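Colleague: Would you mind keeping the following structure in view while I ask a few things?
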Amino acid sequence: MTRKVFVKDVPIGGGSPIAIQSMTITVPSDVKGTIDQIERLKAAGCHIVRIAVPDLEEAKFVGEIIRRTDMPIVADIHFDYRIAIECIKSGIHKIRFNPGNIGSRKNVEYLVKCAKEHGVPIRVGVNSGSIEKEFADRPFTAAQKLCESALKHVRLLEEFSFYDTVISVKSSSVITTIEAYEYISKLADYPLHVGVTEAGPYEFAIVKSAIGIGALLAKGIGDTIRVSITGDPVREVKAAQNILKALGKMPHPEIVSCPSCGRCNYDLEGFVGKVQKILEGVDKDIKVAIMGCVVNGPGEAKDADIGIAGGSGRAAIFKKGRVVKSVSQKQALDEFIKELKSLL
Ligand code: SF4
0 MTRKVFVKDV PIGGGSPIAI QSMTITVPSD VKGTIDQIER LKAAGCHIVR IAVPDLEEAK
60 FVGEIIRRTD MPIVADIHFD YRIAIECIKS GIHKIRFNPG NIGSRKNVEY LVKCAKEHGV
120 PIRVGVNSGS IEKEFADRPF TAAQKLCESA LKHVRLLEEF SFYDTVISVK SSSVITTIEA
180 YEYISKLADY PLHVGVTEAG PYEFAIVKSA IGIGALLAKG IGDTIRVSIT GDPVREVKAA
240 QNILKALGKM PHPEIVSCPS CGRCNYDLEG FVGKVQKILE GVDKDIKVAI MGCVVNGPGE
300 AKDADIGIAG GSGRAAIFKK GRVVKSVSQK QALDEFIKEL KSLL
């Protein structure tokens with residue numbers, strides 16, 4: 000079991016539900032644009048949002064962003080520890096930085112002290128582009144180089160008695176990502192932020208993330224996830240949810256519908272689409288069957304919590320395989336939705 004850290008009120012690790020993260024593609028000085036994107040991510044089901052804070056000038060807008068949303072916000076910082084200090088003083092809930100590019104040991108010490116005083120956790124995020132020079136030339140695998148770099152930084156934080164750490168060791172290679180997280184999960188008990196970095200354009204990014212993140216979560220490795228997709232970040236949240244649902248780590252309604260055949264005499268596909276809309280945003284495990292005919296429908300879908308099977312002129316609504324109502328095909332949709340809603 001990993002340790003638990005809190006990003007505002009969202010726990011990461013220690014057996015907590017897997018938190019979904021995403022990142023805005025705005026700059027903090029575009030406060031309105033950033034808030035709009037944060038709220039869209041929240042509405043889509045995101046739990047924690049990261050914003051890039053490129054310089055001290057941009058850091059000045061972080062406080063206003065935090066005041067205007069109730070979402071936990073993480074600042075992504077590189078190169079200048081003063082940006083992190085400014086963000087912490089502005090009320091940021093977590094910072095992500097790589098001690099390797101933040102300057103001297105003294106700077107790191109000062110930053111860690113400030114984070115500790117404000118109860119702000121730190122993610123040590125190493126990826127293929129930020130491997131420490133001293134490991135780059137060693138006869139290590141790519142995964143080991145990532146992990147040894149991350150562990151060096153984590154140990155540095157420990158030297159300053161800082162333990163509110165989250166680790167990530169992402170690669171754009173799915174295999175390296177899986178190997179790296181497997182490796183580091185054996186050597187550290189800090190919560191792990193899992194993702195495949197720079198996964199690329201939409202369709203391939205989803206496949207890479209589903210394989211990489213999915214393989215790790217299936218083995219019990221990973222406490223918070225970020226799907227990385229080029230473009231609108233809301234799609235990252237939806238993809239992350241689908242990964243969690245596919246692994247049974249997030250409750251969700253499941254629609255089972257038959258492929259339809261010559262026995263079906265109503266618009267099955269249209270019916271499924273309408274029910275799908277009703278179930279959007281529902282976070283409950285419920286199995287809903289929509290079958291083409293009464294001949295095979297109720298029997299084939301007898302494990303469904305609720306189902307409907309069309310007929311010639313009439314449709315049968317059933318629960319756990321037992322027909323509970325017979326309605327005219329005309330009223331089938333309305334009646335079915337009424338019954339369905341009573342279970343949600
Ligand atoms: S449930 Fe009925 S309509 Fe659907 S595939 Fe089976 S036999 Fe055909």
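Using numbering that gives the first Met the number 0, the letters of the sequence shown correspond one by one to residues 0 to 343.
C-beta atoms are modelled at their ideal positions from N, C-alpha and C, and glycine is treated no differently.
Since we're looking at a predicted model, the values are computed, not measured.
Can at least three beta-carbon pairs, one atom from the segment 290-309 and one from the segment 241-261, be found at a separation below 8 Å?
Modeller: These segments touch.
Colleague: CB-CB under 7 Å to Val4, same chain, minus the five flanking residues each way: which ones, in chain order?
Modeller: These residues qualify, in order along the chain: Ile11, Gly12, Pro120, Asp163, Val165, Pro190.
Colleague: Out of curiosity, what's the CA-to-CA distance linking Lys318 and Asp302?
Modeller: Roughly 8 Å separates the two Cα atoms.
Colleague: Does the Cβ of Pro232 have 16 or more other Cβ atoms within 10 Å, making it buried, or fewer, making it exposed?
Modeller: So Pro232 counts as buried.
Colleague: Restricting to runs no shorter than 3 residues, where is the beta strand (DSSP E) found entirely within the segment 40-81?
Modeller: Fully enclosed beta strand (DSSP E) runs of 3 or longer: 47-51, 72-75.
Colleague: Val36 bridges to which residues according to DSSP?
Modeller: The sequence shown places Gln at residue 36, rather than the Val named in the question. Answer is none; Gln36 lacks a bridge partner.
Colleague: Look at Ala314 and Tyr265 and say whether their C-beta atoms are less than 9 Å apart.
Modeller: For Ala314 and Tyr265, yes; Cβs fall inside 9 Å.
Colleague: Give the secondary structure of Lys248 by DSSP, where H, G and I count as helix, E and B as strand, and everything else as coil.
Modeller: Lys248: coil per DSSP, three-state reduction.
Colleague: What did DSSP end up calling Lys273 once you bin it into helix, strand or coil?
Modeller: It is helical.
Colleague: Anything with a beta carbon under 5 Å from a heavy atom of the ligand SF4 counts; list them all in chain order.
Modeller: Taken from the N-terminal end onward, the list reads Cys257, Cys260, Arg262, Cys263, Met290, Gly291, Cys292, Asn295, Gly296.
Colleague: Does DSSP put Asn97 in a helix, in a strand, or in coil?
Modeller: Three-state DSSP puts Asn97 in coil, outside helix and strand.
Colleague: Reducing DSSP to helix, strand and coil, say where Val173 ends up.
Modeller: DSSP places Val173 in helix when its eight states are reduced to three.
Colleague: State the CB to CB distance for the pair Ile224 and Ile210, rounded to an integer number of angstroms; the pair is presumed to be in contact (CB under 8 Å).
Modeller: About 13 Å separates the two Cβ atoms, so there is no contact after all.
Colleague: Give the list of continuous beta strand (DSSP E) stretches no shorter than 3 residues that lie fully inside the segment 117-170.
Modeller: Counting whole runs of 3 or more residues, the segment 117-170 contains the beta strand (DSSP E) stretches 121-126, 164-169.
Colleague: To which residues of the same chain is Val271 closer than 8 Å at the C-beta, ignoring the five residues directly before and after it?
Modeller: Closer than 8 Å at Cβ, skipping near neighbours: Ile254, Ser256, Ile289.
Colleague: DSSP has Ser256 in a bridge; who is on the other side?
Modeller: DSSP output for Ser256 lists Ile289 as bridge partner(s).
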